[in-house]
Amino acid sequence: MDVTEAIETRRSVGRVKQEPVAPEDLERILESAVHAPNHRITEPWRFHVFVGKGRGELARVRAEIARRTAAEDGEDEELAKGRISRERKKAFRSPVVIAVVSVAGRDEVETLENYAACCCAVQNMQLTAHALGLASIWRTGPSAYHPLMREFLGLERDGDTPVAFLYLGSPDLPVTRRRRRPVREFTVWHEG
28 MDVTEAIETR
38 RSVGRVKQEP
48 VAPEDLERIL
58 ESAVHAPNHR
68 ITEPWRFHVF
78 VGKGRGELAR
88 VRAEIARRTA
98 AEDGEDEELA
108 KGRISRERKK
118 AFRSPVVIAV
128 VSVAGRDEVE
138 TLENYAACCC
148 AVQNMQLTAH
158 ALGLASIWRT
168 GPSAYHPLMR
178 EFLGLERDGD
188 TPVAFLYLGS
198 PDLPVTRRRR
208 RPVREFTVWH
218 EG
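Under my numbering, the residue at position 128 of the sequence shown is numbered 155, and the numbers go up by one with no gaps.
Dropping the structure here:
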């Protein structure tokens, strides 16, 4: 598949089969990430790959964040149990979850550029997964930015930032083309 076709046909797919993803495919996906453009070659990305029982570590952190949030919100016990269960299950919605984080730069501008580079890295990963016949979906949400998740992911400095939880697997639903508005609706041409 050429790059234009990959860009135009890739879409987020939230339902995947639980069959394992081949290790060599995971390596290709991760390798594609580090070829994203990054100003000053800062290589700001860090990856945490959760597979098999390793997803349990992520599930425990998500559940604890949900428990703490429910307590802070004053939820009754039954509602809290539901919230905790839903958050725990998110770690198991695909056979592979890759947390992508961006490390802080030397200043505010470099930190912002590092984050943008990591977003490009995630897009590379999604395109590579798509080219390999795999589905992916990019998620974050409030738990991604919770202090406990930051601690779990080893984010120590203020500018260290979660970028994505990338869920990967074989699609478990028909993949359809998505509609996009024409680019002319978003473009202003400045010509001499």
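Even for Gly, the Cβ is constructed at its ideal location relative to N, Cα and C.
- Setting aside the 5 residues that flank it on each side, E91 is surrounded in the same chain by L175, each with a C-beta closer than 8 Å to its C-beta; the list follows chain order.
- Around the C-beta of F213, fewer than 16 other C-beta atoms lie within 10 Å, and the residue is accordingly described as exposed.
- The same chain holds no residue with a CB closer than 7 Å to that of G79 once the five nearest residues on each side in sequence are set aside.
- DSSP, read as helix, strand or coil, puts V78 in strand.
- One alpha carbon belongs to H75, the other to R211, and they sit about 38 Å apart.
- Between the segment 184-192 and the segment 154-163, the count of Cβ pairs shorter than 8 Å is below three; the stretches do not touch.
- Boundaries of the beta strand (DSSP E) harbouring G196: T188 to G196, taken from the DSSP string.
- In the DSSP assignment, V123 falls outside any alpha helix (DSSP H) and within the unbroken beta strand (DSSP E) covering V123 to S129.
- 8 Å or more divides the Cβ of R110 from the Cβ of E104.
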